[in-house]
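**Student:** Handing you a structure now.
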Amino acid sequence: MHQNIAEFMFLRKTENDVRIGSVSHSLLMLIAGGAATLILAAGSARAAPRAQADLVEFEKMTWVEVKAALAAGKTTALIYTGGVEERGPQDANGGHNLMAHATVEAIARELGN
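With our numbering applied, the sequence shown covers 74 to 186.
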């Protein structure tokens, strides 16, 4: 029948094989282009400027945002700690970190400075 696998797979392409390959390549390029567009759109949405009132977490601020916060009169820094421990199959091990973060964020928003 065929002399070897390479001849069968690569050398004897029919017109239908070429057409299917072109459609597959076009579909792949369309999917890749769509994915790239979504990734770029998500990145630009994330980079959009935030309202100054929303910024209370130092680690999420840029140095420009920190400088602006200081210029606006912000003077308080809250340092918190949580903990990581085994909490059973129903809870995340870092639950105390999650609770501490939410608590200190609420305190910072209440203080306003």
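Cβ atoms here follow ideal geometry from the backbone N, Cα and C, with glycine treated the same way. What you are looking at is a predicted structure, and each value in this text was computed from that prediction instead of being measured.
#1: With a 10 Å radius around its C-beta and 16 neighbouring C-beta atoms as the bar for buried, classify V129 as buried or exposed.
#2: Nearest to A173 by alpha carbon, out of R160, T154 and E158?
#3: Ends of the alpha helix (DSSP H) at E158?
#4: Between the C-alpha atoms of G185 and L100, what's the straight-line distance to the nearest angstrom?
#5: What did DSSP end up calling A175 once you bin it into helix, strand or coil?
#6: K140 lies in the alpha helix (DSSP H); which residues open and close that run?
#7: Label A181 either buried or exposed according to how many other C-beta atoms from any shown protein chain fall within 10 Å of its C-beta, with 16 as the threshold for buried.
#8: From K147 to A115, what does the alpha carbon distance come to, in whole angstroms?
#9: Is it true that the CB of H169 sits closer than 8 Å to the CB of G161?
#10: Hey, how far is the Cα of T110 from the Cα of M102?
**Tutor:** Taking the structure as given:
#1: The residue is buried, with at least 16 neighbouring Cβ atoms inside 10 Å.
#2: Considering only alpha carbons, the answer is T154.
#3: Per DSSP, E158 belongs to no alpha helix (DSSP H) and is neither H nor E.
#4: Spanning the two alpha carbons is a distance of roughly 52 Å.
#5: In this structure, A175 counts as helix in the three-state DSSP scheme.
#6: Element bounds for K140: W136 to A144.
#7: Taking all protein chains in view, the Cβ of A181 is crowded by 16 or more other Cβ atoms within 10 Å, so the residue is classified as buried.
#8: Straight-line Cα distance between these residues: approximately 31 Å.
#9: Going by C-beta atoms, G161 is not nearer than 8 Å to H169.
#10: If you take the alpha carbons of T110 and M102, they lie about 12 Å apart.
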